[in-house]
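The listed protein sequences derive, respectively, from chains A and B. With numbering that gives the first Met the number 0, the residue at position 63 of the first sequence is 62, and numbering never jumps. With numbering that gives the first Met the number 0, the residue at position 18 of the second sequence is 17, and numbering never jumps. By construction, the Cβ of each residue, glycine as well, lies at the ideal position given by its N, Cα and C atoms. What you are looking at is a predicted structure, and each value in this text was computed from that prediction instead of being measured. Worksheet: one structure, shown below.
Number of protein chains: 2
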Amino acid sequence: MSDKTGDLSQEELNARHAEKMRKKKAARDKIMATKTIEKGLVIVHTGKGKGKSTAGFGMVFRSLGHGHRVGVVQFVKGRIETGERLALERFSDLVTVKRMGEGFTWETQDRQRDIDAARAAWEAAKAMIRSGDYRLVLCDELNIVLRYDYLPVEEVVAFLKDEKPADVHVVITGRNARDELIEIADLVTEMEQVKHPFRSGVKPQEGIEF
Amino acid sequence: MSDKTGDLSQEELNARHAEKMRKKKAARDKIMATKTIEKGLVIVHTGKGKGKSTAGFGMVFRSLGHGHRVGVVQFVKGRIETGERLALERFSDLVTVKRMGEGFTWETQDRQRDIDAARAAWEAAKAMIRSGDYRLVLCDELNIVLRYDYLPVEEVVAFLKDEKPADVHVVITGRNARDELIEIADLVTEMEQVKHPFRSGVKPQEGIEF
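This is the structure we're talking about:
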């Protein structure tokens with residue numbers, strides 16, 4: 000930036016900036032005016048990086064801030080998620096949390112129990128979504144059980160397409176999201192890991208990993 | 000999966016799964032045993048996708064859940080972030096929020112005012128981090144003001160390297176993170192946009208975008 004603007008006075012620089020930003024605002028306002036549809040979204044957070052569940056819970060808290068009722072179903076327990084759980088206790092008037100998973104599959108080492116737990120969690124999630132009582136339902140780590148074929152992806156996709164009430168948002172997290180799910184989702188973000196502190200021997204810490 | 004396992008009984012499939020998961024758990028436990036360092040991290044969320052600030056606020060709520068004191072500095076106001084702000088009100092005993100930015104730069108169209116606001120926000124963030132009163136400090140959208148050269152990146156990097164207390168976590172969000180910052184960060188996640196509903200004419204909605 001300094002190469003091009005080295006000869007300009009601060010005043011000229013500021014004037015140029017104001018003009019550029021005026022154009023940017025006009026373009027942005029014009030685009031946003033075309034966005035008029037309101038609808039319940041299917042939102043997917045996937046990828047190998049951190050932040051998938053964290054951003055999912057961030058949306059939960061944002062929605063709770065607005066006074067919406069929110070449902071949370073945890074498909075994989077054993078994730079250390081004490082912090083979120085404790086924070087949600089301050090919203091017990093608005094949030095329903097179901098911790099259904101039986102732990103990471105490498106913790107339980109029992110495939111049939113994992114399949115049963117996945118089924119129970121999905122039935123709980125469907126009931127919450129169908130009820131219309133919740134503006135947003137977070138299906139935390141659903142992608143993991145879909146990836147292990149503990150639930151048929153076709154069933155989940157068909158439900159989200161055909162049975163989800165139009166005004167309910169559903170947020171689905173977990174790495175390795177299935178293509179079939181990405182296909183029908185409205186908003187998909189992939190969290191890419193650029194740098195991770197475990198590589199330098201740093202251990203999981205309270206408030207960061209859990 | 001079914002191709003390879005079609006001839007196996009459910010029992011054989013379950014046994015094979017149990018063995019595979021036992022090995023996975025052993026490998027994971029061995030790796031985690033080497034992670035022993037505890038330290039305050041510099042965490043960066045960047046990329047063009049959604050979820051950068053949302054995951055930042057997710058970490059804030061997680062930390063608050065643990066009863067930690069948390070500081071939040073918003074470098075760019077005008078972002079519609081009502082939901083987070085309202086949710087944070089339930090943690091007024093633990094959280095300090097400073098909304099310093101003067102709005103997106105294309106809203107204010109006044110470069111000098113943006114520079115002054117960025118400077119004031121950074122001084123507030125430094126004071127919070129230095130004080131040691133906060134376990135985690137979120138510098139929301141700091142990347143944006145660094146990208147516009149409203150603050151010298153060298154100054155920010157030097158502070159984080161040399162003056163940040165060892166046990167304080169600092170989370171920095173915003174697209175276009177500067178390379179100098181990524182270089183010194185402990186944890187960097189890039190949020191990639193795979194699919195966005197604005198493309199189908201859907202407008203920003205309460206609880207989702209704000």
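Coil, strand or helix - residue i by DSSP
i: Ile-207(B); result: coil
i: Glu-191(B); result: strand
i: His-16(A); result: helix
i: Arg-98(B); result: strand
i: Leu-135(B); result: strand
i: Thr-172(B); result: strand
i: Thr-53(B); result: helix
i: Leu-145(B); result: helix
i: Val-201(A); result: strand
i: Leu-186(B); result: strand
i: Glu-10(B); result: helix
i: Ser-1(B); result: The predicted model places Ser-1(B) with a pLDDT of 44, which falls under 50 and marks its position as unreliable; any figure quoted below should be read in that light. The answer is helix: DSSP assigns Ser-1(B) an H, G or I state.
Span of the alpha helix (DSSP H), counted from its first residue to its last, around residue i
i: Val-152(A); result: 152-161
i: Asp-178(B); result: 178-183
i: Thr-263(A); result: Past the edges of chain A, shown from 0 to 209, lies residue 263(A), and the structure says nothing about it.
i: Ser-130(B); result: 110-130
Partner residues on chain A for residue i, Cβ-Cβ distance less than 9 Å
i: Leu-40(B); result: Pro-196, Val-201, Gln-204, Ile-207
i: Asp-109(B); result: Asn-13, His-16, Ala-17, Met-20
Amino acids of chain A, ordered along the chain, whose beta-carbon sits closer than 7 Å to that of residue i
i: Ala-184(B); result: Lys-194
Alpha-carbon spacing of residue i relative to residue j, whole angstroms
i: Val-155(B); j: Cys-138(B); result: 11 Å
i: His-65(A); j: Lys-29(B); result: 44 Å
i: Leu-87(B); j: Lys-125(B); result: 21 Å
i: Arg-89(A); j: Ile-207(A); result: 20 Å
i: Ser-52(A); j: Glu-140(A); result: 8 Å
i: Lys-38(A); j: Ile-181(A); result: 18 Å
i: Leu-150(A); j: Glu-122(B); result: 51 Å
i: Gln-204(B); j: Thr-33(A); result: 14 Å
i: Ala-17(B); j: Glu-11(B); result: 10 Å
i: Asp-2(B); j: His-168(A); result: Legend: pLDDT at Asp-2(B) = 47, less than 50; position of this residue unreliable, value from coordinates given subsequently. The alpha-carbon atoms of Asp-2(B) and His-168(A) are separated by roughly 35 Å.
i: Lys-19(B); j: Asp-132(A); result: 41 Å
i: Arg-98(B); j: Ile-171(A); result: 31 Å
i: Lys-160(B); j: Leu-186(A); result: 36 Å
i: Leu-93(A); j: Val-71(A); result: 11 Å
i: Glu-189(A); j: Ala-54(A); result: 11 Å
i: Ile-183(B); j: Arg-177(B); result: 11 Å
i: Phe-158(B); j: Gly-50(B); result: 26 Å
i: Phe-56(B); j: Lys-163(A); result: 28 Å
i: Asp-6(B); j: Arg-84(B); result: 56 Å
i: Asp-166(B); j: Arg-129(B); result: 11 Å
i: Met-0(A); j: Glu-179(A); result: Low confidence applies here, because Met-0(A) scores a pLDDT of 44, under 50, leaving its location unreliable; read the following figure in that light. Those two C-alpha atoms are separated by around 44 Å.
i: Ile-114(A); j: Gln-192(A); result: 29 Å
i: Gln-111(B); j: Ile-42(B); result: 29 Å
i: Lys-23(A); j: Gly-48(A); result: 32 Å
i: Ala-14(B); j: Ser-8(B); result: 10 Å
i: Met-127(A); j: Glu-153(B); result: 50 Å
i: Arg-118(A); j: Gln-73(A); result: 12 Å
Chain-ordered chain A contacts of residue i [CB-CB under 8 Å]
i: Ser-8(B); result: In chain order: nothing, as chain A lies at least about 12 Å away.
Neighbour list for residue i in chain B, Cβ cutoff strictly below 7 Å
i: Lys-63(A); result: The residue you asked about is not Lys; residue 63(A) is Leu in the sequence shown. Ala-86, listed in chain order.
i: Lys-49(A); result: Leu-186, Thr-188
i: Ala-54(A); result: Gly-50, Thr-53, Ala-54, Gly-57
i: Ile-143(A); result: Per Cβ cutoff of 7 Å: no residues; Ile-143(A) is ~13 Å from chain B at best.
Neighbour list for residue i in chain B, Cβ cutoff strictly below 8 Å
i: Glu-191(A); result: Gly-46, Thr-188, Glu-189, Met-190, Glu-191
i: Thr-172(A); result: Near Thr-172(A) there are no residues of chain B at all, since even the closest Cβ is about 10 Å away, more than 8 Å.
Where the beta strand (DSSP E) containing residue i begins and where it ends
i: Gly-70(A); result: 69-73
i: Val-41(B); result: 41-45
Beta carbon proximity, residue i to chain C, threshold 9 Å
i: Val-43(A); result: Absent from the structure: chain C. Protein chains present are A and B.
If contact means a Cβ-Cβ distance below 9 Å, which residues of the stretch 67-92 of chain A contact chain B?
Contact residues of the stretch 67-92 of chain A toward chain B are His-67, Val-69, Glu-80, Thr-81, Gly-82, Glu-83, Arg-84, Leu-85, Ala-86, Leu-87, Glu-88, Arg-89, Phe-90 (C-beta to C-beta distance below 9 Å).
Please list, in chain order, the residues of the stretch 118-137 of chain B that have any C-beta partner in chain A closer than 7 Å.
For the stretch 118-137 of chain B, which is checked against every Cβ of chain A, the residues closer than 7 Å are Arg-134, Leu-135.
By the 8 Å beta-carbon criterion, what residues does the stretch 144-158 of chain A contribute toward chain B?
Against chain B - using a Cβ distance shorter than 8 Å - the residues of the stretch 144-158 of chain A are Asp-148.
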